[in-house]
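Single-structure report; data block below.
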Amino acid sequence: MIDLRLLREDPDRVRASQRARGEDVALVDSLLSADERRRSSSVRFDELRSEQKSLGKLIPKATGDEKAELLKKAGELSAAVKAADAEQDEAADETQRLLRQLGNLVHPDVPVGGEEDFTVLETIGTPRDFGSEGFEPKDHLELGQALGAIDVERAAKVSGSRFYYLTGVGALLELALVNAAIAQATAAGFVPMLTPALVRPHAMEGTGFLGQAAENVYHLEKDDYYLVGTSEVPLAAYHMDEIIDASQLPLRYAGFSPCFRREAGTYGKDTRGIFRVHQFDKVEMFSYVDPDDSEAEHQRLLDWEKQWLTGLELPFQVIDVATGDLGSSASRKFDCEAWIPTQGKYRELTSASNCNEFQARRLSVRMRDGKHVKPLATLNGTLCAVPRTIVALLENHQQADGTVRVPEVLRPYLGGREFLEPVAK
RNA sequence: GGAGGCUUCGCCUAGUCUGGUCUAUGGCGCCGCACUGCUAAUGCGGUUUGGGGUAACCCCCCAUCCCGGGUUCAAAUCCCGGAGCCUCCGCCA
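If you use our numbering, the first sequence corresponds to residues 138 to 562, in order.
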């Protein structure tokens, strides 16, 4: 959530941000009045409570008529305190409820608009010209099936659409990607983490996934657990309710976990193969930093993503995601989109978000800076979302003979093999 | 799944039976000051977090003894519900 003080001092800035996101602007005014109500009721409660306390000190010492008199007074006061307390609680709850509905303030440089209104910041590598190489590229599913790497038919039988088995060399490829990604992250100083995939409501809510994104989250009703859509959730909640000394920052974690997404509202979209699936594994980078350092850290996360994709020898572009596509927690988001030859376009492979203090406030993760305690900033960035990376690798590195070239960075993790070979049926 | 124990201001801990003197005890750690002509020892003071008052500091008020309700004039303390940790039993790896 955003800073209430900032909202009081500069409500127009918050309104502008809401407008850019395409969210309800009237919420800001409801919030301001709820906050005012909270402050005045809190003052009244404090006064009454103070009076009640001093009265409470006299009662045990008093006797007889004097005591009876005091008890009568205390009884009346008690009722007033209870009423004031209830009013204070109600106003505070209402303020919190409204405040949590508000998305993060958007960074001023973010392009305003919907999904299509992103800005391309940079293009790295060049898409291959299959025409001049004299063959038509096959899509990842056809390649994956020929390699004995992907089985979606049997997955559909067992689990339904948008599921897959990685088989044989496909399974090895995932393990190689994960190991290479963890190795890169560890070399960069990230602490590797295997995280829970089921979390309690508070962790999910605090990370900001129960807002507009709620329809894409799996919920286990019987036990009130949520399945995480990314290890960002358990990594953000890892330090919840903690105060971290400034000298400990930045804290960087590389989480590896399964990710679950309902993919509601995507019927008919990316239905072929494993580009958009209900369950996949992902290596995610997560940073806790001083808010003053968040923009620099955002750039660093992006640089690590670029390093990763460059190592995989994939052509890609970096985009500055538009306001309407940010998600409620991010103030700014950079996506790396890899070229997918059979689609003839760039598609999202990684995503780096700067949430600044938004998640930290909701989860109560703070830093101690000298005498002051303040919320810190959290950032997250994909290093390797496995299935999409496999899609990009297979399609971009395919050869005319049906083999797929393994980029050098992965070879140590694949027993040194340079090519993936089709298997006999 | 069943039974029991525990949770106190960074860590440990007293207090809970018997409600008010708890403005929560003591130790450790940490910070400051003093002293000893060095880092040590000792002494004194300070050391939760949040909200509010204040331009801000000092300071003052309110809340905060795992969380949420309840009883009461009054709750760390009594009652109910929940969470977490631990022990034992059962069950399944």
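Note that CB positions come from ideal geometry on N, CA and C, so glycine has one too.
None of the values given here were measured: they were computed from a predicted structure.
Beta-bridge partners assigned by DSSP to N517: F423, S490. Our two residues, E173 and R145, have alpha carbons roughly 9 Å apart in a direct line.
Assignment of beta-bridge partners to Y363 by DSSP yields V336, H356. Each residue's CA atom was taken as its position, placing A324 and L513 some 24 Å apart. Straight across, the Cα-Cα distance linking R542 with V502 is about 45 Å. CA-CA distance, G250 to G405, rounds to 24 Å. In this structure, A529 lies away from L557, with their beta-carbon atoms at least 8 Å apart. Put simply, the region 360-379 touches the region 322-340. At least three CB pairs are less than 8 Å apart. Comparing alpha carbon positions, the residue from D427, Q454, A313 closest to G552 is A313.
Take the alpha-carbon of E400 and the one of S298: they are about 11 Å apart. Under the three-state reduction of DSSP output, D166 falls in the helix class. The DSSP-derived three-state label of M377 is coil.
With 16 or more neighbouring CB atoms inside 10 Å of its own CB, T519 falls in the buried class.
By the criterion of a C-beta distance shorter than 6 Å, R498 is surrounded in its chain by M138, P512, once the five residues flanking it on both sides are discounted.
Sequence-distant partners of R554 (beyond 5 residues in either direction) whose C-beta falls short of 8 Å from its own C-beta, in its chain, are V543, R548. The way I'd put it, the region 234-243 does touch the region 155-164; three or more beta-carbon pairs between them come closer than 8 Å.
Within the same chain, Cβ atoms closer than 6 Å to the Cβ of E352 are found at A401, the five residues on either side in sequence being excluded.
Sequence-distant partners of K419 (beyond 5 residues in either direction) whose C-beta falls short of 6 Å from its own C-beta, in its chain, are C396, A522.
8 Å or more divides the Cβ of F423 from the Cβ of I319. When DSSP reads this structure, Y302 sits in a beta bridge with D288. Remark: fewer than three beta-carbon pairs, one from each stretch, lie closer than 8 Å, so the region 217-235 and the region 455-470 are not flagged as touching. G392 is bridged by DSSP to M330, E421.
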